[in-house]
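Written below as structure tokens is the structure these notes are about.
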Amino acid sequence: MADLENDPILRFQRKYYLILMPIVCFVVPTVLPVYCWGETWTNAWFVATLFRYTFTLNMTWLVNSAAHMWGQRPYDQFINPSENLSVSVGALGEGWHNYHHTFPWDYKTAELGNYRANFTTAFIDFFAKIGWAYELKTVSHEMIKRRVQRTGDGTHEKYGHSHKGEVWGWGDKDMLQQDKEEALVINKKPQ
Numbered sequence: 589m590a591d592l593e594n595d596p597i598l599r600f601q602r603k604y605y606l607i608l609m610p611i612v613c614f615v616v617p618t619v620l621p622v623y624c625w626g627e628t629w630t631n632a633w634f635v636a637t638l639f640r641y642t643f644t645l646n647m648t649w650l651v652n653s654a655a656h657m658w659g660q661r662p663y664d665q666f667i668n669p670s671e672n673l674s675v676s677v678g679a680l681g682e683g684w685h686n687y688h689h690t691f692p693w694d695y696k697t698a699e700l701g702n703y704r705a706n707f708t709t710a711f712i713d714f715f716a717k718i719g720w721a722y723e724l725k726t727v728s729h730e731m732i733k734r735r736v737q738r739t740g741d742g743t744h745e746k747y748g749h750s751h752k753g754e755v756w757g758w759g760d761k762d763m764l765q766q767d768k769e770e771a772l773v774i775n776k777k778p779q
């Protein structure tokens, strides 16, 4: 977390949050449609601001509720988070929760080779390309296969077999050295 706490952009955002949040969340989404597209103040406030804010909050809450109750658990059947396509579409890629909780250090939050239903990864990849994100760690196919066969519920499309074992994050004491060596580090930070 030290890298995040030392990032100047994140420090600025944290320092001025109480000023920035209402401006970015409510003022800009109301004013922009009025001046750029000739929208009425009423429509801009109720649609671009309140509806958008309410929809976004509900999608976030779905990740924390539906994606922990309904869906498959191909990576770890012993935890509540599940893979939920509906939540993932509504929350722009955050519904692949079983993967995310099984491999919390993987920046992709899902085992998808492209950006299909996982726009969060595209967003992070964009910032990696412009140099704002680095040291992006992701899980190798071999590691996924071993984990699915060890703890999955049998629903993984490629490796449906399961056993026990848990890892809570990058560098966890129970994480196998082989897993650390096989993890792919994308856009490695220059030394």
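For the sequence shown, the numbering used here gives the first residue as 589, with consecutive numbering after it.
In this text, a Cβ means the ideal position worked out from N, Cα and C, and glycines have one as well.
*Can you check whether the CB of residue 694 is closer than 8 Å to the CB of residue 733?*
Position 145 of the sequence shown, counting from 1, holds the residue named residue 733. Position 106 of the sequence shown, counting from 1, holds the residue named residue 694. No, the pair does not count as a contact, with Cβ atoms beyond the cut-off.
*Out of curiosity, what's the CA-to-CA distance linking residue 598 and residue 760?*
Within the sequence shown, the letter at position 10 stands for residue 598. Within the sequence shown, the letter at position 172 stands for residue 760. In a straight line, the C-alpha of residue 598 is about 26 Å away from that of residue 760.
*Please classify residue 653: is it buried, with 16 or more other beta-carbons within 10 angstroms of its beta-carbon, or exposed?*
Numbered from 1 along the sequence shown, position 65 holds the residue referred to as residue 653. Looking at its Cβ environment, which holds fewer than 16 other Cβ atoms inside 10 Å, residue 653 is exposed.
*Taking the continuous alpha helix (DSSP H) assigned at residue 598, which residues delimit it?*
Your numbering for residue 598 matches position 10 in the sequence shown. Where residue 598 is concerned, the enclosing alpha helix (DSSP H) stretches over 596-603.
*asked:* Please report the straight-line C-alpha distance between residue 719 and residue 778, rounded to a whole angstrom.
replied: Numbered from its first residue, the sequence shown carries residue 719 at position 131. Numbered from its first residue, the sequence shown carries residue 778 at position 190. Using only the alpha carbons, I get a separation of about 11 Å.
_Residue burial classification, residue 731 (beta-carbon count within 10 angstroms, cutoff 16)_ = For this step, residue 731 is matched to residue 143 along the sequence shown. For residue 731, the number of other beta carbons within 10 angstroms of its own is at least 16, and it is reported as buried.
*Secondary structure at residue 718, three-state DSSP: helix, strand or coil?*
In the sequence shown, residue 718 corresponds to position 130, counting from 1. Three-state result, residue 718: coil.
*Apart from the five residues on each side of it in sequence, which residues of its chain come closer than 6 Å, Cβ to Cβ, to residue 678?*
Counting from 1 along the sequence shown, the entry for residue 678 is found at position 90. Hits under 6 Å: 647.
*Got a sec: does the ligand GDP put a non-hydrogen atom nearer than 7 Å to the Cβ of residue 734?*
Only the bare structure without any ligand can be found here, which leaves the ligand GDP out of the picture.
*Could you tell me which residues DSSP puts in a beta bridge with residue 606?*
Walking along the sequence shown from the start, residue 606 turns up at place 18. Looking at the DSSP output, residue 606 bridges to nothing.
_For residue 722 and residue 776, believed in contact at Cβ under 8 Å, the rounded distance_ = Stepping through the sequence shown from its first residue, residue 776 is reached at position 188. Stepping through the sequence shown from its first residue, residue 722 is reached at position 134. Indeed they touch by this definition, with Cβ atoms about 7 Å apart.
*Over the uninterrupted alpha helix (DSSP H) stretch that includes residue 768, give me the two end residues.*
Within the sequence shown, the letter at position 180 stands for residue 768. First-last of the alpha helix (DSSP H) with residue 768: 765-770.
*Hey, residue 632 and residue 622 are a contact pair by Cβ (cut 8 Å); roughly how many whole angstroms apart?*
Your numbering for residue 632 matches position 44 in the sequence shown. Your numbering for residue 622 matches position 34 in the sequence shown. Contact between residue 632 and residue 622 holds, with the beta-carbon distance rounding to 5 Å and staying under 8 Å.
*For residue 712, collect the residues of the same chain with a Cβ closer than 6 Å to its Cβ; drop the 5 residues on either side in sequence, then sort them by chain order.*
Translated into positions along the sequence shown, residue 712 becomes position 124. Answer for residue 712: 695, 721, listed in chain order.
*Cβ-based burial, residue 641 [other Cβ within 10 Å; buried from 16]*: Counted from its first residue, the sequence shown places residue 641 at position 53. The residue is exposed, with fewer than 16 neighbouring Cβ atoms inside 10 Å.
*Anticipated Cβ contact below 8 Å, residue 656 with residue 688, distance rounded*: By one-based count along the sequence shown, residue 656 stands at place 68. By one-based count along the sequence shown, residue 688 stands at place 100. With a Cβ gap of about 11 Å, residue 656 and residue 688 do not count as contacting.
*Take residue 744 and list the residues in its own chain whose beta-carbon comes closer than 6 Å to its own, dropping the five residues that flank it on each side.*
The residue labelled residue 744 in the question sits at position 156 within the sequence shown. Once the five neighbours on either side are set aside, the close Cβ partners of residue 744 are 662, 736.
*Are residue 672 and residue 659 closer than 8 Å when you measure CB to CB?*
Counted from its first residue, the sequence shown places residue 672 at position 84. Counted from its first residue, the sequence shown places residue 659 at position 71. Cβ atoms of residue 672 and residue 659: closer than 8 Å.
*For residue 777, does the three-state DSSP call read helix, strand or coil?*
For the purposes of this step, residue 777 is identified with residue 189 of the sequence shown, where counting begins at 1. Coil, per DSSP.
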